[in-house]
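Working notes, beginning with the structure itself.
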Amino acid sequence: MALAISLAVGFLAPLPYNYWKLKRHGKACH
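Each residue of the sequence shown is one higher than the one before, starting from 181 at the first, in our numbering.
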């Protein structure tokens, strides 16, 4: 259970940064 939580946190934490970086560079990967 702790592993799943840590994976979820590790996946969700960088989302705002990645979104801003992709938006800034104008790259729409999805």
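Glycine residues also receive a C-beta, built at the ideal position from the N, C-alpha and C atoms. All figures in this text were calculated on a predicted structure; none of them were measured in a lab.
DSSP, reduced to helix, strand and coil, places residue 193 outside both helices and strands of the structure shown, so it counts as coil.
The alpha-carbon of residue 183 is positioned some 12 Å away from that of residue 191. Just so you know, the alpha carbons of residue 199 and residue 181 end up roughly 28 Å apart. Here the C-alpha atom of residue 186 lies approximately 18 Å from the C-alpha atom of residue 197.
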